[in-house]
Each structure stands twice: as C-alpha cells, then as structure tokens.
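S.K.:
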Amino acid sequence: TFISHNYRGGYHFSPKEHWMNDPNGMVYFQGEYHLFYQHHPFGNTWGPMHWGHAVSRDLVVWEELPIALAPDEFGTIFSGSAVVDWNNTTGFFGGEPGLVAIFTQHAEGPEGEAPVQRQSLAYSTDAGRTWTKYAGNPVLSHDTFVDFRDPKVFWHEASSQWVMIVACGQTVCLYRSPNLIDWTLSSEFGEGIGSHDGVWECPDLFPLQVDGDPGLTKWVMLVSIGDHPELAEGSRTQYFTGDFDGERFTPDAVSQTRVRWIDYGRDNYAGVSWSDVPAEDGRRLFVGWMSNWKYANQTPTGVWRGAMTVPRELKLELRQGSAELIQQPARELEGYRKELLSLKRVTAAQASAQLADLQLESGEIRIRLGSGQSLELKVRAGRGQETVIGYSGAAGEVYIDRTRAGTADFHPLFAGRHAAVLDAADGTVELRILIDRSSVEVFAGGGRAVLTDLIYPDQASTGLSLKADDEEALVESLDIY
Ligand code: FRU
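So the sequence shown is numbered by UniProt numbering: it starts at 3 and just counts up by one.
#1: Measure the CB-CB distance between G267 and H420 and report whether it falls below 8 Å.
#2: With 16 other CB atoms within 10 Å as the buried threshold, where does R423 fall?
#3: Who are the Cβ neighbours of L379 in its own chain at under 6 Å, not counting the five residues just before and after it?
#4: To the nearest angstrom, how far is the alpha carbon of W157 from that of W221?
#5: Identify the residues that DSSP records as bridge partners of G384: which are they?
#6: Buried or exposed for V63, please, with buried defined as at least 16 other CB atoms from any protein chain shown within 10 angstroms of its CB.
#7: If contact is defined by three or more beta carbon pairs under 8 Å, each pair taking one atom from either stretch, is the region 329-337 in contact with the region 47-57?
#8: Three or more beta-carbon pairs under 8 Å between the region 348-356 and the region 460-479, yes or no?
#9: Pick helix, strand or coil for N299, following the three-state DSSP scheme.
#10: For the putative contact between V312 and Y13, defined by C-beta atoms under 8 Å, what is the C-beta separation to the nearest angstrom?
#11: Compute the Euclidean distance between the alpha carbons of F15 and L37, then round it to the nearest angstrom.
#12: With a Cβ-Cβ cutoff of 8 Å, do W202 and A169 count as a contact?
#13: Three or more beta-carbon pairs under 8 Å between the region 239-256 and the region 184-201, yes or no?
#14: The ligand GTP and M51: does any heavy atom of the ligand fall closer than 7 Å to the residue's C-beta?
#15: Could you tell me if the beta carbon of Y297 falls within a distance shorter than 7 Å of some heavy atom in the ligand FRU?
#16: If you measure between the beta carbons of G248 and V174, is that distance less than 8 Å?
#17: Excluding the 5 residues flanking H20 on each side, which residues of the same chain have their C-beta closer than 8 Å to its C-beta?
#18: For D481, which residues of its own chain have a beta-carbon under 6 Å away from its beta-carbon, when the five flanking residues on both sides are left out?
#19: To the nearest angstrom, report how far apart G447 and F94 are at their CA atoms.
#20: The ligand FRU heavy atoms versus the CB of T349: any closer than 7 Å?
#21: Return helix, strand or coil for A355, following the three-state DSSP convention.
#22: Would F4 be called buried (16 or more neighbouring beta carbons within 10 Å of its own) or exposed?
#23: In the DSSP assignment, what residue or residues form a beta bridge with Y338?
#24: Report the option in A470, V452, G395 whose CA atom is closest to the CA atom of A426.
#25: What span of residues does the beta strand (DSSP E) with V155 cover, start to end?
#26: Locate the beta strand (DSSP E) running through V165, then write down its first and last residues.
#27: May I have a chain-ordered list of the beta strand (DSSP E) segments no shorter than 3 residues that lie completely inside the region 228-299?
#28: The beta strand (DSSP E) with D74 in it runs from where to where?
#29: Compute every distance between the C-beta of E249 and the non-hydrogen atoms of the ligand FRU, then say whether any falls below 7 Å.
#30: If I measure Cβ to Cβ from S189 and keep anything under 8 Å in the same chain, skipping five residues before and after, which residues do I get?
#31: Which partner residues does C175 have in the DSSP bridge list?
#32: Determine the burial state of Q300: buried for a count of at least 16 other Cβ atoms within 10 Å of its Cβ, exposed for fewer.
#33: If you count every other CB in all the chains shown that lies within 10 Å of the CB of R238, and 16 or more means buried, which is it?
#34: Can you find the residues in the same chain that come closer than 6 Å, C-beta to C-beta, to Y136, ignoring five residues on each side of it along the sequence?
#35: How many whole angstroms separate the CB atoms of R59 and G33, which I take to be in contact at a CB cut-off of 8 Å?
#36: Once the 5 residues before and after G130 are set aside, which same chain residues still bring their CB inside 6 Å of it?
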C-alpha cells in the first residue's frame, strides 16, 4: 500500500523518523524548552524505550537533538521528568545549576517472572546536550507493585523538599526527598476515587491560582489511564483538584463525585507539564502525546509515528462552585499566523459564501456566535472526505466527527464522533480550531471544552464549508489564519 508522508504536522512536533509516545522530562532552562519523549529509534512501533530529545526557544519551532538516554543493565528508559537543581541538592553540579532527569527503568524479569520497574537518575552539566547516569541507580524501588513508573518531580517551596508523584499499581504514591537520591514515602492517593478503567500512569501534580487570584491556589493532579480493551475511548487523562501540604493530596468535593477528563477527543494522552518555567512568566505549560494506545501502533504515517499536541497553557476557572481546568494553545503560536480571512458580524449564509473559495491544509479558525445557535464547520474536505466540527446550542455540546475524515481502516474504532459538554451561559460561544495535516484540536468556550483528534485526510482535501441551522443567524466573527 502507498503510505503518504504528507501527514507530518506543519506545527506539531514529531520525530524525524521512527516511533514516539509520551512526552517526558519537559523542563525550561537557559532560554530553552526541552522536550524529551518515549522513543524507539530502530522501529515504527513501540519497542525498547529510549528518551528522544528536542529543544525550542518558543514552543513552536523544534530542533531534534541526539538521543538523551538509552537502555542499560537496569532496563529500558520509560517515562519520567526533569528538573533544574538550582542549589546543587544532589551534589552533582559544584556551584552551577544543572539538569536532573528522573525516570523509570523497566527490566524484563527472569523467565516466568514479572518485569521490574524502578526509578533512576541522570544529570547534565551542559544544558541537556549530554547525560550521565547516576552511579547509585536505581534510587527507588517498590516491593509489591509491578506497575511502578512515570515519576514527576518538583520542588515544594513550602516544605523545602523535592516531591515525587509516581504511578504505583492502581494509585499514585507521593514521596519526598532532600536531594533527589533518598526518597521517603509520604502518602498514597487514588483508591476508590476517579476512573480506574485502565492502569494508572503518567501522573502530574502542580498548583494553579483559581481565576488568577493569588489568594486562592488549588492543586491539580493529572492521572492518565491506559487502554481498556472493552472501552472505545481507549487511553485518556483525568484530573483531580484539591489541596496539597507537601505530603498528602486532599481532593475537592467535585473530585470525589465526578470523573473529569482533560480532553474529550481521543488523542491526548500521557501529557504532563513543564518544570521550571520562570516565575515572571508564571504559566503552567502542558503537552500531550497526540495518539491513543487503542491504535497508536497502526496509524498510517510512514517513516515516523507519533506527534505531540500543541503546547498548551493550563488554568483553573471557578464555575458553579468548583475549580475547572481550562486549556488554551500556548500564545507563541499566534506569532506564526498569517491572516486568510477576517469577517465581523455577518450572517451564517454570508460566512459560508466566503469560505467556498478557500483552501486550508494547516491553520487556525476562530468563530464566535450566539450560544443558542447550532452550526457545523467542515474542514479538510474534498473527494468525499470531511472532518466536521460542530456546536449545538440546543444540546449544549461541541463535537468532532471524523467518521469520513480520511483513512480510518487501520482500526475499527478509529472512525467516529466525539462530543464534549459546553455550557455557554454567557451568550456567545467561541470555537478555536487548530487544523494540521493529521490533526484537529478544538478549544471551545475559552478552553473549557477541549477535543483533540487525529485525522488522515488526503493532502488534496483542503476545502472548507459552514452550515448553520438558521442561515440568517449572526456570526459575530470568523477569522482564519
Ligand atoms: C504511557 C506509558 C507509561 C510508560 C511508557 C512506556 O503511555 O505506558 O506508563 O512509562 O508509556 O513507553
């Protein structure tokens, strides 16, 4: 079969070649955003894991660097994090700050026995270009759990110590350390709460101000859950909000009663946040793996397989008494816009007429309309293909329908329609849609409802169209870049 290479995103990170899954070790240091990733450098499907590496100065343009971490006698290199050790707590750095990576090593057990997962360290004194594994690896093991992985580490200012959140069996374990080397168990979280439809993986824990109020901080915990063979959703990421005292996470009431997902599309998994973004910037930046274990090994992309979502900023917003996570594309992307169309206060019929002659393979669409309206926007359309992005005021939902988006025969559960609830009490609704050669990301209602879906249309399918239930309905604005 002919495999097109044209699916490579114009502004989404993918490795030059071979397999990629989870983002790892994201850290900002000396003007660079580092992105490491689960990588199999000798094949296009999941295999012995290495850490691939890329850097960017603006979260948009990435330079791929040599592989940072390769397997050794303690196993392959699974997911994990990286931090700046500003005060040489590890003793690895003399007087200068340096980078420390904390990651899982996965070793196959002897014949008939379970594999072993332990946490190890590596450090870099040259801004991430070369890495030395710590001579005392592994630094943390577990007696009972086979699944013990994906350590995310941060400096907890209030208690002046390092904190690690790591998946352990069907929960997460919290550890503390003065030096990243010696770890003490603080607590465990997750029994009887949240979704356990798949194995718990890739946790993260960080504080955010609610509505930007410095007097009201909540902690957000991300927990990804692995694929469930019987659930169409496959792998996905849930979040909890609550309080954290350096040892224990106490969930909010809402987290005890309701499972909340960070994304209602199918392709945003194992995402975590950047470490050490400067305080004067203050953003909590996130990136996810834009795929799903359900079909990740079968996507039709040729020499490379696996891409990241766009980097996103996470915030908390108070809605009906609970803190809800919102996501927006990192603002740096706006610097690369070139305007294709800009309409103000037109009817749906007028807007639709303007779209008829446009072609868009890769770009952004922003549309604002009254919250009582319903409309469907078709993108990457042509030759019987279309990706539908819809908003229904009556149903109060936003959706992506990729049933006819393009190649989908690689997995029976790929085609389909995915929806998110969008309560639009404030009178207007804005959809911000990022389209690329093999993806659609929808940020609706200021990032309150987010859907991320892969699509595989023909390269020539670049048509656009718009259809509203009421052709006379007012479109407040429509901008295409
Ligand atoms: C999540 C995950 C992690 C693990 C890694 C292995 O997608 O299963 O739990 O560390 O992928 O590649």
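Idealized CB from N, CA, C, for every residue including glycine.
M.R.: Let me spell this out:
#1: yes
#2: In the sequence as presented, Arg is not what sits at residue 423; that position holds Val. V423 comes out exposed.
#3: I391, L468
#4: 14 Å
#5: Q387
#6: exposed
#7: no
#8: yes
#9: helix
#10: 7 Å
#11: 10 Å
#12: yes
#13: yes
#14: The ligand GTP is absent from the structure shown, which contains only the ligand FRU.
#15: no
#16: no
#17: H41, H42, P43, F44, G45, N46, V305, W306, R307
#18: S344, R368
#19: 46 Å
#20: no
#21: helix
#22: Any reading at F4 is ruled out, since the residue's pLDDT is 47, under 50, leaving its predicted position unreliable.
#23: Beta-bridge pairing links Y338 to no other residue.
#24: G395
#25: 150-158
#26: 163-170
#27: 238-246, 251-253, 271-275, 286-291
#28: Unbroken run through D74: none, as it is neither H nor E.
#29: no
#30: C175, L176, E249, R250, F251
#31: V168, E190
#32: exposed
#33: buried
#34: L123
#35: 6 Å
#36: H36, L101
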